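Student: These protein sequence lines are chains F and E, in that order.
Using the working numbering, the letters of the first sequence map in sequence onto residues 273 to 462.
Using the working numbering, the letters of the second sequence map in sequence onto residues 14 to 203.
I'd like to ask you about the structure that follows.
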Amino acid sequence: MHKSMSLTQLFTATFRLSAFTFGGGYVIISMMRRNFVEDRKWLQEEEMLDLTALAQSAPGAVAINASILTGYRLLGYPGALVAVFGTILPPLILLSTISFFYIQFKENFYISAFMKGTSAGVAAVILDMVVRMAKKILTEESFFAIAILLLSFISSLFFGADVRLVIFGSGLLGLLRAYYANRKFKGVRS
Amino acid sequence: MMLYLQLFWSFAQIGLFSFGGGYAALPIIQKQVVSVHHWLTLQEFMDILAISQMTPGPVAINTATFVGMRVLGLPGAITATLGCVVPSFMVVLIIAYFYNKYKNIWVMQGLLAGLRPATVSLIATSGLGILIAALYHVEIEAFAIKNIASLDIPAAATFIFGMFLLGKRRSDPIYIIIGAGFLGIVFALF
């Protein structure tokens, strides 16, 4: 539990982030990382990466899962509830309003030019985070982590491997490695 | 009452059985909303996808709100959105509980050691997909060397400027995305 934050702060933070998450779940993760890890120091870099990995492995939208996990991590069950409400309210309010005039919305020149423009910004936000995370793994982590990074990157980018396959495969490799390391450790002790 | 339950249950299935987030969920949403319940025509479903790309929030939540509004007004929108969130909320909370409790045992450590780098790779792949779509207006799978010349120069400039501001100036990602949107309007007008 974190002392220097309240449920209201958590709600405001998730609401604000969710209101600007154009372009899918990873944008909100980039923003959460920036906001919760770098600016406010509510979470550590590695914890955020753990929560992201779990959010991606669970069913449902990644953005929602990530806010449930961070909310729970920061303030327990109330935190999880508050974070999920903060995250679903902006799209709920926006979409229920837009549903009355969605054809006009879809065909509006300014709205579509704005949205087309945002995608270059979204790509910058996501790739900026990737560069930071990859740098951390490449400089601080084991050979194993670097191998998984490259293997999963190549298989998903060039061979179009399914997200589920990549998650399952890398989780399994991690488990196997830990199992053998664990057995060796026990063997040495006994 | 029956209709409320149907809405809730349909979107609960969408929330529970969509892994990997984003567009992996589309076939499941389409099946529930268009084929099974006829809440939307295929055209309306395509419209909502277009709108979903233009508004913040996950596709599943946006569709839930939109369909709920069409079928039963605001109470329907809230019911469908909750349906989408509640089941994965419970699954994710169970995961969060185990993560916090067993974070330090070797099984969890091993699993996460594999998942962490893979997560970075999956985010990188998704970010590159968004970048290719922003700069070349093609899907990443369809991208080839011969497309290199068809670069959208304003979008490329926006991306590079965004990366610079994020990397060197530590700008807030929200301003980068909004700024990119306004640049999109400027470039569309001139």
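Yeah, the Cβ is synthetic: ideal placement off N, Cα and C, and Gly gets one too.
Owing to the predicted nature of the structure, the values given are computational and were not obtained by experimental measurement.
1. With 16 as the cutoff for other CB atoms within 10 Å, does alanine 25(E) come out buried or exposed?
2. Can you check the segment 120-196 of chain E for any alpha helix (DSSP H) of at least 4 residues that lies completely inside it and give the ranges in chain order?
3. Within its chain, find whatever has a CB closer than 6 Å to the CB of methionine 320(F); leave out the 5 residues flanking it on each side and keep chain order.
4. Verify whether the separation of the beta carbon atoms of alanine 330(F) and valine 105(E) is less than 8 Å.
5. Taking 8 Å as the threshold, find out whether the segment 278-292 of chain F comes into contact with the segment 159-173 of chain E through three or more Cβ pairs.
6. With a cut-off of 8 Å on the beta carbons, I'd call leucine 128(E) and serine 427(F) a contact; round off their distance for me.
7. Tell me whether the beta-carbon of glycine 180(E) lies closer than 8 Å to the beta-carbon of proline 100(E).
8. For alanine 155(E), count neighbouring Cβ atoms within 10 angstroms of its own Cβ and tell me buried if that reaches 16, exposed if not.
9. Between valine 299(F) and the rest of its own chain, which residues show a CB-CB distance below 7 Å, the 5 nearest in sequence each way excluded?
10. Give, in chain order, every residue of the segment 437-448 of chain F whose Cβ lies closer than 9 Å to some Cβ of chain E.
11. If you count every other CB in all the chains shown that lies within 10 Å of the CB of glutamine 316(F), and 16 or more means buried, which is it?
12. Pull up the distance between the alpha-carbon of valine 199(E) and that of alanine 417(F), whole angstroms please.
13. Where does isoleucine 336(F) land, buried or exposed, given buried means 16+ other C-beta within 10 angstroms?
14. Regarding glycine 348(F) and the ligand ADP, is the C-beta to nearest heavy atom distance less than 7 Å?
15. Using a Cβ-Cβ cut-off of 7 Å (strictly less than) and excluding sequence neighbours within five positions of serine 184(E), which residues of its own chain qualify?
16. Taking only beta-carbon positions, decide if proline 362(F) is within less than 8 Å of chain E.
17. Determine contact between the segment 106-119 of chain E and the segment 379-388 of chain F, defined as no fewer than three beta-carbon pairs at a distance below 8 Å.
18. If distances are taken between C-alpha atoms only, which option among Gln45(E), Ser163(E), Ser139(E) and Tyr17(E) comes closest to isoleucine 153(E)?
19. Please name the residue in Glu413(F), Ser391(F) and Ala385(F) whose C-alpha comes closest to that of isoleucine 189(E).
20. Count the other CB atoms, across all protein chains shown, that sit within 10 Å of the CB of aspartate 434(F); report buried if there are 16 or more and exposed otherwise.
21. Tell me which residue opens and which closes the alpha helix (DSSP H) that alanine 291(F) is part of.
22. Using the Cα positions of methionine 82(E) and serine 368(F), report the straight-line distance between them to the nearest angstrom.
23. In terms of residues, what are the limits of the alpha helix (DSSP H) holding asparagine 113(E)?
24. Could you give the first and the last residue of the continuous alpha helix (DSSP H) run that contains glutamate 412(F)?
25. Nearest CA to the CA of threonine 68(E): which residue from Lys313(F), Leu447(F) and Pro363(F)?
26. Determine, using beta carbons only, whether glutamine 328(F) comes closer than 8 Å to chain E.
27. Less than 8 Å between the C-beta atoms of threonine 76(E) and isoleucine 91(E), yes or no?
28. Which residue's Cα is closest to the Cα of leucine 361(F): Gln122(E), Thr78(E), Met103(E) and Ile118(E)?
29. In angstroms with no decimal places, state the Cα-to-Cα distance between methionine 387(F) and valine 151(E).
30. Return helix, strand or coil for lysine 44(E), following the three-state DSSP convention.
31. When the cut-off is 8 Å and only beta carbons count, does alanine 63(E) lie next to chain F?
32. Does leucine 341(F) come within less than 8 Å of chain E when only Cβ atoms are used?
33. At 8 Å on the CB atoms, spell out the chain E contacts of leucine 321(F), in chain order.
34. Does the beta carbon of threonine 78(E) sit closer than 8 Å to a beta carbon anywhere in chain F?
35. If you reduce the DSSP assignment to three classes, tell me which class lysine 378(F) lands in.
Tutor: Once the coordinates are examined:
1. Counting Cβ neighbours within 10 Å, alanine 25(E) comes out buried, since at least 16 surround it.
2. Every unbroken stretch of the alpha helix (DSSP H) spanning 4 or more residues and falling wholly within the segment 120-196 of chain E is given here in chain order: 166-181.
3. Here the set comprises Arg305 and Val309.
4. Inclusion of alanine 330(F) and valine 105(E) in the CB contact set at 8 Å is warranted, their separation being smaller than that value.
5. Short answer: they don't touch.
6. That belief does not hold up - the Cβ atoms of leucine 128(E) and serine 427(F) are roughly 15 Å apart, past 8 Å.
7. In this structure, proline 100(E) does not lie closer than 8 Å to glycine 180(E) by Cβ.
8. Exposed.
9. Once the five neighbours on either side are set aside, the close Cβ partners of valine 299(F) are Thr293, Val394, Val397 and Ile398.
10. Those would be Val438, Ile439, Gly441, Ser442, Gly443, Leu444, Leu445, Gly446, Leu447 and Leu448, in chain order.
11. Exposed: under 16 other Cβ atoms inside 10 Å.
12. The C-alpha of valine 199(E) lies about 43 Å from the C-alpha of alanine 417(F).
13. It is buried - the Cβ of isoleucine 336(F) has at least 16 other Cβ atoms within 10 Å.
14. With respect to small molecules bound, the structure shown includes none, and the ligand ADP cannot be examined in it.
15. Excluding residues within five positions, the ones whose Cβ falls inside 7 Å are Leu178.
16. With 8 Å as the cut-off, proline 362(F) counts as an interface residue toward chain E.
17. The segment 379-388 of chain F and the segment 106-119 of chain E do not touch, with fewer than three beta-carbon pairs separated by less than 8 Å.
18. Ser139(E) is the residue among Gln45(E), Ser163(E), Ser139(E) and Tyr17(E) whose C-alpha sits nearest the C-alpha of isoleucine 153(E).
19. Answer by Cα proximity: Ser391(F).
20. If you draw a 10 Å sphere on the C-beta of aspartate 434(F), you find fewer than 16 other C-beta atoms in it, and that means exposed.
21. For alanine 291(F), the enclosing alpha helix (DSSP H) has its first and last residue at 279-291.
22. In a straight line, the C-alpha of methionine 82(E) is about 6 Å away from that of serine 368(F).
23. Here the alpha helix (DSSP H) through asparagine 113(E) covers 72-115.
24. Going by DSSP, glutamate 412(F) is part of the alpha helix (DSSP H) stretching over 381-412.
25. It is Pro363(F).
26. It does: the Cβ of glutamine 328(F) has a partner Cβ on chain E nearer than 8 Å.
27. Not closer than 8 Å, so no.
28. By alpha-carbon distance to leucine 361(F), the top candidate from Gln122(E), Thr78(E), Met103(E) and Ile118(E) is Thr78(E).
29. Answer to the nearest angstrom: the Cα atoms are 16 Å apart.
30. Three-state DSSP puts lysine 44(E) in a helix.
31. It does: the Cβ of alanine 63(E) has a partner Cβ on chain F nearer than 8 Å.
32. At least one chain E Cβ lies under 8 Å of leucine 341(F).
33. Within chain E, the residues placing a beta-carbon under 8 Å from that of leucine 321(F) are Arg129, Thr132 and Val133, ordered along the chain.
34. Closer than 8 Å: yes.
35. In the structure shown, lysine 378(F) sits in a helix (DSSP, three-state: H, G or I).
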